[in-house]
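Residue numbers (the numbering used here): 89 to 179. Read the structure below first, then the notes.
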């Protein structure tokens with residue numbers, strides 16, 4: 089059986105404006121996060137964990153936690169989820 093011909097493809101060159109816009113965007117993305125971002129992210133996760141632990145241990149003795157009831161779980165898990173969402177944007 090005869091061998092088929094190999095097609096020669098031309099090299100793709102993008103328009104001039106596309107290369108400049110992409111390099112500026114990549115330079116912006118590659119920058120690391122500031123230190124306060126990491127502190128806030130870890131702080132939110134620890135605050136949520138601490139909130140739930142305190143609710144389990146001494147929730148009956150703290151008046152405002154008694155009035156919140158099951159919303160204490162929403163507050164604690166909400167803070168932890170906010171920290172985890174921030175961790176996805178951390179560089």
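For glycine and all other residues, C-beta sits at the position ideal for the given N, C-alpha and C.
Only buried fits residue 129, as 16 or more other CB atoms lie within 10 angstroms of its CB. Within the stretch 139 to 164, complete alpha helix (DSSP H) segments of at least 4 residues are found at 151 to 156, given in chain order. Contact annotation: residue 132 and residue 167 have beta-carbon atoms nearer than 8 Å. Here residue 129 carries a helix assignment [DSSP, helix/strand/coil]. A Cβ-Cβ separation of about 6 Å places residue 165 in contact with residue 136 under the 8 Å criterion. Measuring C-alpha to C-alpha distances from residue 175 to each of 102, 123, 89, 98 identifies 123 as the nearest. The shortest CA-to-CA distance from residue 178 to any of 90, 91, 159, 125 is the one to 125.
For the set 149, 103, 172, 154, the Cα lying nearest the Cα of residue 134 is the one of 172.
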